[in-house]
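All the letters of the sequence shown, read from the start, carry residue numbers 252 to 632 under my numbering. What follows is a short report on a single structure.
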Amino acid sequence: MMKRRDFLKKAGLGAAAAAVTTAGVMGCGEKKEEKKVEAPAVVTKKTYNWRMVTTWPPKLPVLQDGCERLAKRIEELSDGRIKIQVFAAGELVPALESFQSVSDGTVEVGSGAAYYWAGKEPATQWFAAVPFGMNGQGMSAWFHGGDGLKLWEETYAPFNLVPRPGGSTGVQMGGWFNKKINTIDDYKGLKMRIPGLGGKVVAKAGGTVVLLPGGEIFTSLERGVIDATEWVGPLHDLRMGFYQAAKYYYYPGWHEPGTYLEYFFNKKVYDELPKDLQHIIDAACVETEHWVLSQFEARNGQALQTLINEKKVELIQFPDEVLGELRKLADEVLAEEAAKTPMATKVNDAFKAFQKIVGTWGSISETAYYNIIQPKFSLKG
252 MMKRRDFLKK
262 AGLGAAAAAV
272 TTAGVMGCGE
282 KKEEKKVEAP
292 AVVTKKTYNW
302 RMVTTWPPKL
312 PVLQDGCERL
322 AKRIEELSDG
332 RIKIQVFAAG
342 ELVPALESFQ
352 SVSDGTVEVG
362 SGAAYYWAGK
372 EPATQWFAAV
382 PFGMNGQGMS
392 AWFHGGDGLK
402 LWEETYAPFN
412 LVPRPGGSTG
422 VQMGGWFNKK
432 INTIDDYKGL
442 KMRIPGLGGK
452 VVAKAGGTVV
462 LLPGGEIFTS
472 LERGVIDATE
482 WVGPLHDLRM
492 GFYQAAKYYY
502 YPGWHEPGTY
512 LEYFFNKKVY
522 DELPKDLQHI
532 IDAACVETEH
542 WVLSQFEARN
552 GQALQTLINE
562 KKVELIQFPD
572 EVLGELRKLA
582 DEVLAEEAAK
592 TPMATKVNDA
602 FKAFQKIVGT
612 WGSISETAYY
622 NIIQPKFSLK
632 G
């Protein structure tokens with residue numbers, strides 16, 4: 252209290268002194284010239300208290316952790332001007348209602364994967380994962396070096412949302428199955444949890460697609476509600492315990508070769524921020540985007556060794572014939588989905604054009620290099 256009184260007293264004296272008329276002495280008997288000095292303006296810093304809702308289960312490594320990390324970094328970089336309280340799926344709103352709750356302005360921020368919102372606009376799916384599409388590196392290049400992010404913003408604008416890339420999982424695994432996939436006909440009647448465009452490919456192959464949030468997958472697989480599931484990769488599949496509920500672990504993740512996550516902000520709230528805080532949010536998102544992919548790349552390999560060597564999981568590669576058939580079906584699905592809305596057509600055309608560019612380069616760089624070094628590595632440690 253004493254410090255506060257002293258501060259106010261000094262501030263009052265300072266303001267009074269600044270407003271006092273000062274006189275310049277011209278000489279004996281001459282008129283004094285007067286000049287008024289204004290007191291400096293007091294700068295106030297408005298603070299913002301936001302809430303973020305996610306589609307991820309509590310404490311889920313990298314995915315939910317990344318959301319917590321983003322909130323912390325925004326608070327640090329903004330010197331406490333923006334504070335974000337993070338809620339996992341179901342803690343404030345159900346997992347698959349996060350998009351709508353941010354759109355409505357019920358909360359300010361959300362996180363998920365864009366293919367969850369295909370029912371609102373088919374074009375959203377291309378910003379998450381495209382079967383036989385680009386990997387994480389290619390998707391990042393599209394967003395930051397091409398027109399991907401601009402198109403994403405255009406797609407989300409009608410929903411009062413501002414999207415930001417949230418990092419890639421890298422190439423995912425093909426999924427967990429309780430029966431072997433030897434031919435494309437083995438998909439007929441298969442009940443599988445698989446979202447997005449990949450799910451539509453499985454449906455076209457004769458499967459039944461079930462869309463479940465992460466927290467419900469294990470129980471559904473264990474009880475036979477579903478026959479198969481994809482999730483992410485070894486790090487999360489090990490943690491979720493899928494090896495206890497399914498026999499066969501397939502690769503590669505043809506359906507999600509570089510799945511991108513997302514953060515989305517209520518557009519009205521974002522636009523009303525001072526420019527410096529908008530820049531801080533954008534910078535924190537890019538930083539977390541890089542952190543997410545780095546975590547997956549660093550930790551998936553170790554988890555895969557655990558699944559193979561300790562959990563004795565049977566790892567199986569999809570037959571080339573099956574992958575060839577799935578690719579044909581994927582082309583059909585992409586054409587059908589792209590034709591649903593003008594925005595989907597626009598995004599699909601842009602995606603294909605960019606994939607051709609990076610794919611040509613990748614075939615003589617990344618692919619050629621991995622083909623050379625691959626024999627030096629073994630699945631078993």
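A virtual CB, placed ideally from N, CA and C, is assigned to each residue, including glycine.
Give the DSSP-derived three-state secondary structure of residue i in the structure shown.
i: T272; result: Unreliable positioning characterises T272 in this predicted model, as indicated by a pLDDT of 36, which lies under 50. The coordinate reading is nonetheless provided below. Residue state, collapsed to three classes: coil.
i: V476; result: coil
i: M443; result: strand
i: G492; result: coil
i: F569; result: coil
i: E583; result: helix
i: G278; result: With a pLDDT of only 43 at G278, under the threshold of 50, the placement of this residue in the model should not be trusted; the figure read from the coordinates follows. Three-state result, G278: coil.
i: F547; result: helix
i: G450; result: helix
i: K283; result: Only weak support is given to the placement of K283: the predicted model assigns it a pLDDT of 47, under 50, and the value that follows is read from those uncertain coordinates. Three-state DSSP puts K283 in coil, outside helix and strand.
i: F383; result: coil
i: E513; result: strand
i: W642; result: Since the first residue shown for the chain is 252 and the last is 632, residue 642 is missing from the structure and cannot be characterised.
i: A292; result: For A292, the predicted structure reports a pLDDT of 46, less than 50, and the residue's modelled location is therefore unreliable. A value from the coordinates is still provided. It is coil, neither helix nor strand.
i: G552; result: helix
i: T482; result: Reading off the sequence shown, one finds Trp at residue 482, where the question assumed Thr. It is coil, neither helix nor strand.
i: G426; result: strand
i: P373; result: helix
i: E507; result: coil
By the DSSP assignment, the alpha helix (DSSP H) with residue i in it spans what residues?
i: P414; result: First-last for P414: L412 to S419, but that is the beta strand (DSSP E), not the alpha helix (DSSP H).
i: N599; result: P593 to I615
i: W403; result: G399 to Y407
i: V520; result: K518 to D522
i: D316; result: L314 to L328
Please confirm whether residue i and residue j have their CB atoms less than 8 Å apart.
i: Y299; j: V413; result: no
i: L512; j: G418; result: yes
i: C318; j: V344; result: no
i: V381; j: F602; result: yes
i: L448; j: V584; result: yes
i: G465; j: P308; result: yes
i: V453; j: M443; result: yes
i: G509; j: N386; result: yes
With respect to the beta strand (DSSP E) encompassing residue i, which residues constitute its N-terminal and C-terminal limits?
i: V304; result: Y299 to T305
i: T459; result: T459 to V461
i: G363; result: V360 to G363
i: K334; result: I333 to F338
i: Y367; result: That residue, Y367, is in no beta strand (DSSP E); it is neither H nor E in DSSP.
i: F500; result: As written in the sequence, residue 500 is Tyr, which differs from the Phe given in the question. Counting along the chain, the beta strand (DSSP E) containing Y500 begins and ends at Y499 to Y502.
Hey, is residue i close to the ligand MN, as in C-beta under 7 Å from one of its heavy atoms?
i: Y514; result: Inclusion of the ligand MN in the displayed structure is not the case, the ligand content being empty and no account of it being possible.
So residue i and residue j are supposed to be a Cβ contact under 8 Å. How far apart are they, rounded?
i: H506; j: E481; result: 7 Å
i: S329; j: Y514; result: Contact flag wrong, Cβ pair sits at about 15 Å.
i: L555; j: I333; result: That belief does not hold up - the Cβ atoms of L555 and I333 are roughly 38 Å apart, past 8 Å.
(message) Would the region 489–500 count as touching the region 445–464 if we require 3 or more Cβ pairs under 8 Å?
(response) no
(message) Could you check whether the region 335–354 touches the region 539–548, counting it as contact only if at least three pairs of C-beta atoms, one from each stretch, sit closer than 8 Å?
(response) no
(message) Counting beta carbon pairs with one atom in the region 519–536 and one in the region 321–329, are three or more of them shorter than 8 Å?
(response) yes
(message) Whether or not the region 421–430 and the region 497–508 are in contact is what I'm after, with contact meaning three or more pairs of Cβ atoms, one per stretch, closer than 8 Å; do they touch?
(response) yes
(message) Measuring CB atoms only, is the region 551–566 touching the region 356–371, in the sense that at least three cross pairs come out at less than 8 Å?
(response) no
(message) Pairs of beta-carbons, one from the region 367–379 and one from the region 401–412, closer than 8 Å: are there three or more?
(response) yes
(message) Contact between the region 380–394 and the region 572–581 is defined here as three or more beta-carbon pairs at a separation below 8 Å; is this criterion met?
(response) yes
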